[in-house]
Structure formats: C-alpha cells, structure tokens
Amino acid sequence: QVSLQEELEQAMIEDSVKYIPEELRVEATLPFLEDPSVKIKPNKHIAFKILESQMRLFEKNPEMRLDMLKSHDKLLSKGHVINIKDISDAERIRMYSTTGEGYYIPWRTVYKSSSLSTPCRMVFDASSRTPNGGESLNSILAKGQNLLVLILHLLIRFLIGHYAFSYDVSMAYNQVKIAAEFYKYQKYLWIPDLDPEKSVETMVVRTLIYGVKSAGNQTGVGFKRLAEYCREFYPEHIAGAEALEKNVYVDDGLDSSCTEEEREIKIEGIKFTLGLGKMSVKGFTKSGYPPPEELTINGSEVGVLGYIWDPLSDHVMLDIKKLCFGKAKRGVRPEPVEGDILQALENNFTKRIILSIISGVFDPLGLVTAVTAKFKLDMNFLVKQNLGWDEPAPPELLSTWVENIETIQKLSTLRFRRAIIPKDAAEFKIEMIVSVDASEKMAIATVHGRVLLTDGNYHVQLIAAKSKITSGSTIPRGE
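Okay, structure coming up:
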C-alpha cells in the first residue's frame, strides 16, 4: 500500500513540472493531495509570532541580523522572492484566481558551515500546522518516491575515470519557478532591513524553496525535463544531458571520464542543458587543476558528497570535523574540545555522545573499513550494557573510547588515490577482485579494481568495502 501511494504521488510530481522552451523556463505547480482551500486555515498570526522570536534573536546578536540580511538580499536581487505589492497585474490575477487565503510559511535562521556561498540562510518551515484543526502545507503535498541517485553509486562513477570533475548547480531549487496560481501558498512575513521600527510586509517565494516537501523531487524532475528536451533537439550535447540526469545528487554533480576530451564534452553539454532553463553552475572542479576560488575554503580542496577532494593531486580524504560533544543547534556546532580528551570525555561519556562521534565518520565507500570495523565492535559491546542513552557508561571502557576518538582524529590525515583507471592504462576495463573474510564477531567484504597498464603491470585499488557484526553466528555463516 505504501509503495502504491508513493507511485501515485510520484506521478503527480512528474505531472507538476514542465519545461517551457520559448521562455527558457522550468515551471512547477504544487502537487496537492487534498484541497488546500479546505485543509489550510489562516495562519498569519503564527508566522508573525515566529518572526517576533527571530527579531529578538537579532536584537541579542546583531551579527546574525547582518548575515540574514545578506542571505535574504541574495534571494531578493535574483527575483526568487518579491514583495507582494510588486508582483505584476498578470501574476496578481492568476494568484487570486483560486479560492482560499493561502499559507504563510514561518522561517528561521540556520547556519550551514559547509556552504561557501550562503553559510547563513533562512529556512522555511512548511510543516508548521495551521490552527483550528488545519493542516500544514507539507502535510497535504505529494512527496513521491525516493529517486535520488545512491551516493555509493555516484561516488563509484566518480572514481572510475582518470579525468574527473565536480560541480554544484547554483541555487538549484530556486531555478524552478512556481506557477503564479500557487504564490498564495508560499507567502512569508518580512520586516525591511530587519528594523523593529519598520512595518511587517508580506513577501512571496516565486520558486521552489528548501523546506517545502515536494521541492527536492520536483527539482530532480526539472533537470530531467531539460535533459529530455536536449536529447531530442540537441543530440550533440547528449553526454552532458545524461550526466545531468543520472549523476547529480540534489544539486551536486560528480562524474569522470577516461579521456580529457570526453570530460570537456560532458562539461559543455551540462552547461548547455542547464542553460536551456536559464540555470547555471557555481563552477567546475577538474582533476589535475586547482579548484575555482569560489568553490574552496583553503584554495586546494573541495567537498564531494561528504568527502574532501584535492583535485590537483587527485586524492580523496575523509571529512573529519573537529571533536565536539553535543548536538548542533540551528546548524551551529558546539565549541570544539580543547586539551585533554580523557578529561573532556569523562563528563560526557554516554551512549548518545559516543554514537554521535562514530556517526561523524562518513565513509559510504568504506575506505577506512579496516578501522571503523573496530568501532562497531566496541559500540556493540557498549550497547549490550543495556544503558540508557544519557546514562554514564562504565568507567573501565573510557580508555578504549579515548583511543578510538584519537584514531578518528588521525583519519583526516589519510589520502586515497581517486582514479581507479590511471592515465597509463592499457585499456578502459576494470577487473574486480571480491574478497570476504569473517571471524566469530565480524565479517568484511572488499571490492578491488585491477587495471592492466601499458607496461604489462597492474594497478590495483580498493573500490568499496563493508563490514558487518556477526556475533552469535558461525564463521562459515558469517562469510
């Protein structure tokens, strides 16, 4: 039943996005599962209360106010949001052509430290329920199926060829416009200059926006519509169209090729295909070259789906954050631990804290499985103590976890060659060597790629690995 419902919603999302070639425009409607004029009740006062709470935050932290103004000005200058008084007569007629008052989306300030272009951003909460038994905007919107490319698959395709590239579609959600009939469901309250002396005004989001449930899936369909049009009318750019359709995770694109010429053809094709919808990328990072200045913090490395990539030396590294205890609030992480780890952990030695630390080692390829397998075993032992999430763990386990944490911090120094097929490969062909082994407690499987070189030798490299706890099983069963 769940599967059938997802298929139904996916069909609605597919139907909600269209490409208008004469306007170079990808446009979407909101895929409502139920009548919004009946299910959504007036909620302007709720949005106003949340706006007031944000203003109190800005009063305590003037720097946060300046960051938010900068973030909002970026949306405003590009026409993604507009004051309701400034929309055209034609848009106004379409906006009020349907019944119902619409919906005010409350917003809050959130920091995303990994973003270079917009570290501070306003995040819209379309899950905020309306009063008197009313629904939220998200609760009556279709979500559809999870059709995102699997991160593991995308990363493997990124590893294969010697000539790799990555890119980030600029403000991807905002590149898909919303039909004016649906403006009334994407209103929000704003105070000019965030000055408490000024009056509250109503703004409208004219595009898909992060926080609205259907937006992610609709953005993917938007890329698909552009790729379909390009494939039909501009076959010379088909390589780029297919790369955009199949090798993008939300707004992050990764790919690799066996020749430099093939890579350039894909890049030009991606630019052309996006250009059909007046979309663009922030820049392309290519193996063998330093990354564009606007895409890197330190001038030499970029993020690729949770890993760090040094394109000049063409190495991949794990993105190990500074050690801190506790959860991030509104995107802001707690202060990092300074000094003695043992002393800091003594006061935070709980199952919740330990799990958060090992979960911070994001490694879908399994490049450090040989190390993280031990963390699984140690965590399994801790879980078997039947402790509450925030109950202090046994002191005799403290030294083990101090050692594990020190190991995690050292993982950031490891560098892994990216390209499975090197430049001096005799042929563009990979032989796979699959290995498995198990003990009474742990089983591990690895896949290595073997490539014949022009001098008759072989280049062998780990592609992916996985580990699994097998406690209570026999060794043959584990294998």
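Each residue of the sequence shown is one higher than the last, beginning at 10 in the numbering used here. No residue lacks a Cβ here, since even glycine has one placed at the ideal position from N, Cα and C. Computed from a predicted structure; not experimentally measured.
In the displayed model, N389 falls within a helix according to three-state DSSP. Annotation: the continuous alpha helix (DSSP H) that includes F281 extends over 269-284. The beta-carbon separation of S476 and A353, rounded to 28 Å, does not stay under the 8 Å limit for a contact. Nearest to L471 by alpha-carbon distance, out of T455, E277, F57, is T455. Taking all protein chains shown into account, R272 has 16 or more neighbouring C-beta atoms within 10 Å of its C-beta and is therefore buried. Put simply, of L462, S179, C267 the residue whose alpha carbon is nearest the alpha carbon of G292 is S179.
With 16 or more other CB atoms across the displayed protein chains lying within 10 angstroms of its CB, D261 is buried. Residues of the same chain with a CB within less than 6 Å of the CB of S482, apart from the 5 flanking positions on each side, do not exist.
DSSP places I442 within a strand segment (E or B) once states are collapsed to three. The criterion of a C-beta distance shorter than 9 Å is not satisfied by Y28 and Y113. In the structure shown, A188 falls within a coil segment according to DSSP collapsed to helix, strand and coil.
E110 sits in coil when the DSSP states are folded into three classes, being neither helix nor strand. A Cβ-Cβ distance of about 6 Å is found for the pair L164 and P373, placing them in contact under the 8 Å criterion. Across the structure, I279 and D323 are spaced so that their CA atoms are roughly 22 Å apart.
In the DSSP assignment, T118 falls within the unbroken beta strand (DSSP E) covering 116-120. According to DSSP, C129 shares a beta bridge with Y120. The alpha-carbon of V11 is positioned some 15 Å away from that of M21. For F358, there is no enclosing alpha helix (DSSP H), since its DSSP letter is neither H nor E. Membership of V411 in any beta strand (DSSP E) is not indicated; the residue belongs instead to the alpha helix (DSSP H) covering 407-419. Counting the other CB atoms within 10 Å of its CB gives L13 a total below 16, which places it among the exposed residues.
Rounded to whole angstroms, the gap between the alpha carbons of A37 and I187 is 5 Å. Cβ contact annotation for A435 (same chain, cutoff 7 Å, sequence separation greater than five): L461, L462, T463, in chain order. Counting only runs of 3+ residues, the beta strand (DSSP E) found wholly inside the segment 315-346 occupies 316-319, 324-327, in chain order.
For Y194, there is no enclosing alpha helix (DSSP H), since its DSSP letter is neither H nor E.
CA-to-CA, the gap between E61 and V132 works out to about 16 Å.
Following the DSSP letters along the chain, one finds K79 inside the alpha helix (DSSP H) bounded by residues 71-86. Per DSSP, reduced to three states, the secondary structure at N92 is strand. When the alpha-carbon of E15 is set against those of N92, Q63, G153, the nearest one is in G153. Under the criterion of beta carbons closer than 8 Å, A189 and M288 do not qualify as touching, at roughly 20 Å. Taking a 10 Å sphere around the C-beta of G220, we find 16 or more other C-beta atoms and assign the residue as buried. Scanning the segment 12-54 for uninterrupted beta strand (DSSP E) segments of 3 residues or longer gives 26-29, 34-37, listed from N- to C-terminal end.
With fewer than 16 neighbouring CB atoms inside 10 Å of its own CB, F371 falls in the exposed class. The segment 405-420 makes no contact with the segment 236-248; the number of CB pairs closer than 8 Å stays below 3. Contact annotation, T118 with M73: C-beta distance approximately 6 Å; criterion of less than 8 Å satisfied.
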